[in-house]
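J.: Residue numbers (this note's numbering), protein chains in the order written: chain W, 7 to 133; chain Y, -19 to 338; chain E, 8 to 126. Every residue, glycine too, gets a C-beta built ideally from N, C-alpha and C.
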Amino acid sequence: MIDSVVVITEENTAEVRPDEVITLSRELKDEGFRFVTMSSAELEDSVCVLYHFDKDLELRNLRVDVPKGSKIGSIASVYSCAFLVENEIKEHFGVEFDGIPLDFQGMLYSDEEVQKTPFCNIGLKRV
Amino acid sequence: MAKTVLPFGPQHPVLPEPLHLTLTIEDEIVKEAIPKLGYVHRGLEKLAEIRDHNQMIYIVERVCGICSCMHALCYCQGIESLMGLEVPSRANYLRTIWAEMHRIHSHLLWLGLFADAFGFESLFMQFWRIRERVMDLQEETAGNRVILSVNQVGGVRRDISAESAQWILDTLKKVEKETLQLKSTILDDYTVKLRTVGKGVLTKEKAYELGAAGPTLRASGIAQDMRQTGYAAYSELDFAPVVETDGDCYARTVVRFNEVFQAIDLVRQAFSKLPEGELAVKPKGLPTGEVISRVEQPRGECLYYIRGAGKKFLERVRIRTPTFANIPPLLDMLPGCDLADVPVLILTIDPCISCTER
Amino acid sequence: MFMTKTILKNLLTKYATRLYPFHKRETFKHSKGELKIEMDKCILCGVCQMRCPSQCIKVDKQAKTWEVDPFACVYCGVCVDVCPVKCLYQESLYRTPLAEKDMVVHVQQPKESAEPAAT
């Protein structure tokens, strides 16, 4: 029986470097995994981004620590549906994604006058 | 003919909530659709920083009115697993009952709205009249009509007495009978079929790749339902996901229509197996660790990512709601359809925008 | 065609709706409505204030007041559940709409002065 509540452990979550994300997600896609969503949380001086994939209800995660203000490749070239959640994280946490097909420029939810990333305590000015 | 850019929404008769789409059309055929969200973005996730984990239950319930009970259930499940709590089995059954009643009223609401979307107003009234019975059940058992506030960390806050249970079963029998009478109207009607059959086809491969959730996914022939994981009391109940293979608007209607009966059946099963016992266990300690909790809402799979650091306030609560997952499939469905079908197509993913934007 | 039976039935049965101000719906016994307090039972412990998710309750120990902002109340009933002396309760009806915002303030009378103060 697969559990609907999954505590994140080393077994289901792989810690990866920011430049490995695209290749690893392509491997997962070839295995038949479906992209569920991404989550993010603010750490001391980086933002932790979690990629959730699922196959037959079983969850697999990738964890990436992105230093604040740095860039990470967008996985929208592998899973095209990822663009929406990448835009959300870009807006809320200031993580830049390289090559989002439909880039809202950090204005998916908020308007132009919002200058800071609302979910980061150390708000980054928008570029 | 030259391309025309047409703004669709945020105010549109078919949309109960504000969603904006910029449609590029050519000869009334949609070529491209670009969404714009943010009309009801409230930043509820951010509230986790100033409300403790018990108060957050009532905040996450307000993410979405229609699936409020499931939001709280999903959140409580996550917190319980972080605290290592074992929920009493009666509480699990009661959670299941309330969740399924929610599914019935949500699907009836959608069926009504859908009928309204293609202009069948009297059918809309019929469905909403039936739905009112379920709302009464919820008000009697939980105290509130929509936002039930019955879940708490460790169990449930209210009990359903034996007489209430009998009344619920009797009412559900009426609901079942009345809904069944409308079956031929919504599923066999000539005009309804013209508006739905073959429109907005989402193939099985596309649905899987684009991460569709819930009835949108199951109408494309993929039997994926989070209830199969057996959270709450589902592992002890007997059911199979409702699946259709066509992937068009009609298939999505059939899935939702049949899920009403499936939910009624699940409530019956749950009442027949309802064990006696405690309603809640007392939580101890503070949530520490990271957890992902998923449940099946009427609109699809909902995912919570909760991160606690053993403090009074949680570090992060992230909510991925089903409509958020269903927007990419919608954008894939829209190109190539008639402009007149756009409202119907948007409604078939059962959009809940305040869910999406939180 | 499919609706004929339903339409005929609707014509022969009574209205599904009510003429509201004249005919009101019976409320359910356990509905969560307006929040009320029995002030003389209250021990001003402030648990309700701490647990309220919308932070609409304010308890002042010094001034012996219990205040609720009914417009911020979300009718969840947590305060009623956690109250140690069970002095809070919910009516089964909501508050009627008002034209202006107001706060509901209850002041606890000192126990001795229940009788009129000595002249």
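1. What residues match up with Ala20 (chain W) in a beta bridge as DSSP calls it?
2. When you compare the stretch 309 to 323 of chain Y with the stretch 1 to 17 of chain Y, are there three or more beta-carbon pairs, one atom per stretch, that lie closer than 8 Å?
3. In three-state DSSP terms, what is Gly92 (chain Y)?
4. Looking only at its own chain, which residues have a Cβ that is under 6 Å from the Cβ of Tyr73 (chain Y), when we skip the five neighbours before and after it?
5. I want to see whether chain Y comes within less than 8 Å of Asp71 (chain W), judged by CB atoms only; does it?
6. Apart from the five residues on each side of it in sequence, which residues of its chain come closer than 8 Å, Cβ to Cβ, to Val66 (chain E)?
7. Roughly how many whole angstroms lie between the Cα atoms of Ala121 (chain E) and Leu95 (chain E)?
8. Just how far apart, CA to CA, sit Ala97 (chain Y) and Glu119 (chain Y)?
9. Can you find a C-beta in chain W that's less than 8 Å from the C-beta of Ser141 (chain Y)?
10. Within 10 angstroms of its Cβ, does Ile329 (chain Y) collect 16 or more other Cβ (buried), or is it exposed?
11. Going straight from the alpha carbon of Gly84 (chain E) to that of Val112 (chain E), what length do you get?
12. Below 7 Å on C-beta distance, what does Arg18 (chain Y) contact in chain W?
13. State the CB to CB distance for the pair Arg22 (chain Y) and Ala47 (chain W), rounded to an integer number of angstroms; the pair is presumed to be in contact (CB under 8 Å).
14. What does Ile77 (chain Y) touch in chain E if you count any residue whose Cβ is under 8 Å from its own?
15. The beta strand (DSSP E) with Met206 (chain Y) in it runs from where to where?
16. Does any residue of chain Y bring its CB to less than 8 Å from the CB of His30 (chain E)?
17. Counting pairs of beta carbons, one from the stretch 228 to 239 of chain Y and one from the stretch 61 to 70 of chain Y, are three or more of them closer than 8 Å?
18. Three-state secondary structure (DSSP) at Lys122 (chain W)?
19. Note down the Cα distance separating Thr225 (chain Y) from Thr183 (chain Y), rounded to an integer number of angstroms.
20. I'd like to know if Gly92 (chain Y) contacts chain E, where contact means its C-beta is closer than 8 Å to some C-beta of that chain.
21. With DSSP as the reference, please indicate the residues paired to Glu48 (chain W) in a beta bridge.
22. Quick one: what's His58 (chain W) bridged to in DSSP?
23. Can you tell me the Cα-Cα spacing of Glu17 (chain W) and Leu30 (chain W), whole angstroms?
24. Return no unless some Cβ of chain W is closer than 8 Å to the Cβ of Ile46 (chain Y).
25. By alpha-carbon positions, which one of Y:Trp90, Y:Thr268, Y:Trp78 and Y:Ala231 ends up nearest to Thr176 (chain Y)?
26. Which term fits Glu119 (chain W), buried or exposed, when burial requires 16 or more other beta carbons within 10 angstroms of its beta carbon?
27. Determine the DSSP secondary structure at Gly280 (chain Y), reduced to helix, strand or coil.
28. Give the interface partners of Ile8 (chain W) over in chain Y, defined as CB-CB distance under 7 Å, in chain order.
29. Could I get the ranges of all uninterrupted alpha helix (DSSP H) runs contained in the stretch 35 to 85 of chain Y, with 4 residues as the minimum, in chain order?
30. Does Ala23 (chain E) have its Cβ less than 8 Å from a Cβ in chain Y?
31. Within the same chain, show all residues whose beta-carbon is closer than 8 Å to that of Lys144 (chain E), passing over the 5 residues directly before and after it, in chain order.
32. Return yes when the Cβ of Gly178 (chain Y) is within less than 8 Å of the Cβ of Leu65 (chain Y), no when it is not.
33. Please classify Pro60 (chain E): does DSSP put it in a helix, a strand, or coil?
34. Which word fits Leu3 (chain Y), buried or exposed, when buried means at least 16 other C-beta atoms lie within 10 angstroms of its C-beta?
35. How many angstroms separate the CA atom of Thr76 (chain Y) from the CA atom of Lys291 (chain Y)?
36. When you compare the stretch 273 to 289 of chain Y with the stretch 40 to 52 of chain Y, are there three or more beta-carbon pairs, one atom per stretch, that lie closer than 8 Å?
T.: Looking at the coordinates:
1. In DSSP, Ala20 (chain W) forms a bridge with W:Leu68.
2. Yes, the stretch 309 to 323 of chain Y touches the stretch 1 to 17 of chain Y.
3. Gly92 (chain Y): helix per DSSP, three-state reduction.
4. Once the five neighbours on either side are set aside, the close Cβ partners of Tyr73 (chain Y) are Ala213, Ala250 and Leu254.
5. Interface residue (Cβ-Cβ distance to chain Y less than 8 Å): Asp71 (chain W) is not classified as such.
6. Contacts found: Leu51, Cys52, Gly53, Cys55, Gln56, Thr72, Trp73 and Glu74.
7. Model confidence at Ala121 (chain E) stands at a pLDDT of 46, short of 50, so the residue's coordinates are unreliable; what they give is reported in the following sentence. Cα to Cα, the separation comes out at about 21 Å.
8. Their backbone Cα atoms lie some 28 Å apart in a straight line.
9. False, the Cβ-Cβ gap to chain W never drops below 8 Å.
10. Around the beta carbon of Ile329 (chain Y), 16 or more other beta carbons sit within 10 angstroms, so the residue counts as buried.
11. Taking the CA atoms as reference points, Gly84 (chain E) sits about 19 Å from Val112 (chain E).
12. A quick correction: the sequence has Gly, not Arg, at residue 18 (chain Y). Using a Cβ-Cβ cut-off of 7 Å, Gly18 (chain Y) is close to Leu114, Tyr115 and Ser116 of chain W, given in chain order.
13. Between Ala47 (chain W) and Arg22 (chain Y) the Cβ distance is about 20 Å, and since that is not below 8 Å, they are no contact.
14. Simply none; closest approach about 16 Å.
15. Careful: Met206 (chain Y) lies outside any beta strand (DSSP E) and carries neither H nor E.
16. The beta carbon of His30 (chain E) sits no closer than 8 Å to any beta carbon of chain Y.
17. Segments in contact, no.
18. Three-state result, Lys122 (chain W): strand.
19. Distance between the alpha carbons of Thr225 (chain Y) and Thr183 (chain Y) is about 9 Å.
20. False, the Cβ-Cβ gap to chain E never drops below 8 Å.
21. Partner(s): W:Val53.
22. As a beta-bridge residue in DSSP terms, His58 (chain W) pairs with W:Thr43 and W:Asn67.
23. Rounded to whole angstroms, Glu17 (chain W) to Leu30 (chain W) spans 16 Å at the Cα level.
24. No, no contact with chain W.
25. When only C-alpha atoms are compared, the closest one is Y:Ala231.
26. The residue in question, Glu119 (chain W), is exposed, as its Cβ has fewer than 16 Cβ neighbours within 10 Å.
27. Strand.
28. Neighbours of Ile8 (chain W) on chain Y, chain order: Thr209.
29. As far as the stretch 35 to 85 of chain Y is concerned, its whole alpha helix (DSSP H) runs of at least 4 residues are 35 to 40 and 48 to 63.
30. The C-beta of Ala23 (chain E) comes closer than 8 Å to at least one C-beta of chain Y.
31. No answer is possible for residue 144 (chain E): it lies beyond the span of chain E, which begins at 8 and ends at 126.
32. It is not a contact, given that the beta carbons lie outside the stated cut-off.
33. Looking at Pro60 (chain E) - three-state DSSP - the assignment turns out to be coil, as it is neither helix nor strand.
34. By the C-beta density criterion, Leu3 (chain Y) is buried, having at least 16 other C-beta atoms within 10 angstroms.
35. CA-to-CA, the gap between Thr76 (chain Y) and Lys291 (chain Y) works out to about 30 Å.
36. Contact between the stretch 273 to 289 of chain Y and the stretch 40 to 52 of chain Y is present, with at least three C-beta pairs closer than 8 Å.
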